[in-house]
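A.B. asks: Sharing a structure, written as structure tokens. Questions coming.
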Amino acid sequence: MKSPIGKRKSLTICILSVLAGLPSIGVAAENLANPNKSISLTTTQQQAEIKQVIVEMVNAIDTKQWQKAQSSFANTVFVDYSSMSGQAGSKVAATELIDGWRNLLSKVETHHMLSNFQVSVTGSTAQVFSHVYASHNAQGIEYWDIYGRYVHALENVNGRWQIIEMTFQTHGQKGNLNFLQEASQMSQAKQLSSVISPVMNTVEFLSDGEKIVGNLYLPTDYDASRQYPAVIVSGSWTTVKEQMAGLYANKLAEQGFIALAFDFRSFGQSEGEPRFYENPTQKVADIKSAITYLQSLPMVNNDKIGALGICAGAMYTLIAASQDNRIQSVVTAASWLHDAEADKLFYGGEAGVFEKITQAQQAKRQYQLTGDVAYIPSISTTDINAAMYGPYDYYLNPERGAVPQ
């Protein structure tokens, strides 16, 4: 992943840096009370100023005064929410950080409470520890609370303290753990409803914090004042939305459905590393995220969401439907449903299956140790190591599945 922060990662940074009053600074108070400890008035003033920067920044965010909030940061800030998102921290422009909050929180009320401030100053740098309890509320979404510890690093530039690092260490959560994703999709749906055209629209939504790109097909008689049944369409291995999923989605739209074809994570225009990672569990999660996205659209009837799976997409779809009762109906076509006996028929018996599993395990170890990815062709008429070996016309024919994407 190039960057876990920014437009696609606004979710990972929206916990904010918390609302606080002016609780006492333990270090300063202790030293002032003890005449045997020397601490200059200047240091005490610096500690108060540093804490005030954080307090004013948080108040500005909770009250949606975005320009004021941005002034609390250096031009670039390192943000680390890995304890919550699992994604490594990264440097991001302050403008991008604030834009992410502004977009995500347009319909969200936040309230953040800080306690147990500890401020230390070393020359022109400072570090602040605090405990935080953050509440999030939005109409139509169950509340979400999270608590933990914040670590802020600041730097004094030309007499002004500015935040240069912000780390959140999660201790616990309660309520709707998908709040951030649903809030983001609600914001995207609001933007989409004002610009949607009655043919096909490119859309984006998140799955486990990573951006998925899809094509949303609308009925030929689309009327923005109505609600329509919707279908999520999933294609085969290595598929992209312009292949079979898009073809079926377009035909469904002609029959009066809203239909969504999308690139699974690691494929096509969607995010995800390593690229071309054929991960069934991840694909099932992406289908569930697609349901959440469709439910956020005002033109979708949430009681009539179905799923269509083609080839290996049938397997992902059936698993998703067995786990998520928001899928009201399921259809599969040319189903490729993996089981141990079927795999033996296709991959050279038990020995052939064992060989492929061994290769996969070796590739996984290599990636974990070095970051290098071992690839095999998706399809080939000459390479027996290809995922699909043989004259498969659909994938090799430019008039069918061999689309430029």
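The opening position of the sequence shown corresponds to residue 0 in numbering that gives the first Met the number 0, with each subsequent residue numbered one higher.
Positions of the beta carbon are idealized from the N, C-alpha and C atoms, including for glycine.
So, with DSSP's three-state summary, where would you put Leu-215?
C.D. replies: strand
A.B. asks: Who are Met-185's beta bridge partners in DSSP?
C.D. replies: DSSP, once it has assigned bridges, lists no residue as partnering Met-185.
A.B. asks: Work out the CA separation of Met-199 and Leu-317 for me, nearest whole Å.
C.D. replies: 26 Å
A.B. asks: Taking DSSP as the reference, what is the three-state secondary structure of Thr-121?
C.D. replies: strand
A.B. asks: Between Arg-159 and Ser-114, what straight-line distance do the alpha-carbon atoms span, to the nearest angstrom?
C.D. replies: 24 Å
A.B. asks: Return the residue from the list Thr-166, Asn-300, Asp-285 and Ala-137 that minimises the CA-CA distance to Asn-175.
C.D. replies: Ala-137
A.B. asks: Considering Cα atoms alone, identify which of Pro-297, Arg-364 and Glu-241 is closest to Asp-222.
C.D. replies: Pro-297
A.B. asks: Can you tell which of Ser-379, Ala-385, Thr-380 and His-111 has its C-alpha closest to the C-alpha of Lys-355?
C.D. replies: Ala-385
A.B. asks: Given 8 Å as the limit, is there contact between the segment 104-121 and the segment 131-145, that is, 3 or more CB pairs closer than that?
C.D. replies: Enough Cβ pairs lie closer than 8 Å, so yes.
A.B. asks: Are the beta-carbon atoms belonging to Gln-86 and Gly-271 less than 8 Å from one another?
C.D. replies: no
A.B. asks: Excluding the 5 residues preceding and the 5 following Gln-404 in the sequence, name in chain order all residues of the same chain whose CB lies nearer than 7 Å to its CB.
C.D. replies: The answer, listed in chain order, is Val-239, Glu-241 and Gly-267.
A.B. asks: Could you tell me the distance, in whole angstroms, from the CA atom of Asn-396 to the CA atom of Phe-72?
C.D. replies: 54 Å
A.B. asks: Can Tyr-292 and Ser-233 be called in contact, C-beta distance under 8 Å?
C.D. replies: Ser-233 is positioned such that its CB atom lies no closer than 8 Å to that of Tyr-292.
A.B. asks: Quick one: what's Ser-114 bridged to in DSSP?
C.D. replies: His-130
A.B. asks: Measure the CB-CB distance between Val-91 and Leu-153 and report whether it falls below 8 Å.
C.D. replies: No, they are not a contact pair.
A.B. asks: For Ser-288, which residues from the same chain have a beta carbon less than 6 Å from its beta carbon, with the 5 sequence-adjacent residues on both sides left out?
C.D. replies: Ser-206
A.B. asks: Does the segment 339-347 come close enough to the segment 276-288 that 3 or more CB-CB pairs lie under 8 Å?
C.D. replies: no
A.B. asks: Could you have a look at Tyr-346 and say whether DSSP puts it in helix, strand or coil?
C.D. replies: coil
A.B. asks: I'd like the list of long-range same chain contacts for Ile-326, defined as Cβ closer than 7 Å, with 5 residues on each side in sequence excluded.
C.D. replies: Ile-290, Ile-304, Gly-305, Ala-306, Ala-319 and Ala-320
A.B. asks: Going straight from the alpha carbon of Gln-44 to that of Lys-50, what length do you get?
C.D. replies: 10 Å
A.B. asks: What does a CB cutoff of less than 7 Å around Ser-328 pick up in its chain, not counting 5 residues either side in sequence?
C.D. replies: Excluding positions up to five away in sequence, the list reads Gly-305.
A.B. asks: Quick one: what does DSSP say Gly-267 is sitting in, helix, strand or coil?
C.D. replies: Gly-267 falls in the coil class under three-state DSSP.
A.B. asks: Using 8 Å as the cut-off, can you tell me whether the segment 254-264 makes contact with the segment 348-362, which would need three or more C-beta pairs spanning the two stretches below that distance?
C.D. replies: no
A.B. asks: Within 10 angstroms of its Cβ, does Gly-88 collect 16 or more other Cβ (buried), or is it exposed?
C.D. replies: buried
A.B. asks: Give the straight-line distance between the Cα atoms of Asn-35 and Phe-204, rounded to the nearest whole angstrom.
C.D. replies: Summary for Asn-35: the model assigns pLDDT 43, below 50, so the residue's position carries little reliability, and this model does not support an answer.
A.B. asks: Quick one: give me the first and last residue of the beta strand (DSSP E) that Pro-228 is part of.
C.D. replies: 227-233
A.B. asks: If contacts are defined as beta-carbon pairs under 8 Å, then Ile-211 and Asp-323 qualify, I think. What distance do you get, rounded to the angstrom?
C.D. replies: Not a contact, Cβ separation roughly 16 Å.
A.B. asks: How many Å lie between Ala-414 and Ile-309 at the Cα?
C.D. replies: Residue 414 falls outside the range modelled here, since the chain spans only 0 to 404, and no answer is possible.
A.B. asks: According to DSSP, what are the bridge partners of Asp-144?
C.D. replies: Ser-134 and Lys-173
A.B. asks: Report the rounded CA-to-CA distance for Arg-101 versus Gln-180, giving the unit in angstroms.
C.D. replies: 15 Å
A.B. asks: Going residue by residue through the segment 269-334, where are the continuous alpha helix (DSSP H) segments of at least 4 residues, counting only ones entirely within it?
C.D. replies: 279-294 and 311-322
A.B. asks: Give the straight-line distance between the Cα atoms of Ala-313 and Asn-249, rounded to the nearest whole angstrom.
C.D. replies: The alpha-carbon atoms of Ala-313 and Asn-249 are separated by roughly 18 Å.
A.B. asks: Quick one: residues in its chain with C-beta nearer than 7 Å to the C-beta of Glu-253, no 5 flanking neighbours on either side, listed in chain order?
C.D. replies: Thr-219
A.B. asks: Between Lys-63 and Leu-104, which are expected to be in contact by the criterion C-beta below 8 Å, what is the C-beta distance as a whole number of angstroms?
C.D. replies: 7 Å
A.B. asks: Would you decide whether Lys-173 is buried or exposed? Buried here means 16 or more other CB atoms lie within 10 Å of its CB.
C.D. replies: Result: exposed.
A.B. asks: What is the DSSP secondary structure of Ser-224, counted as helix, strand or coil?
C.D. replies: coil
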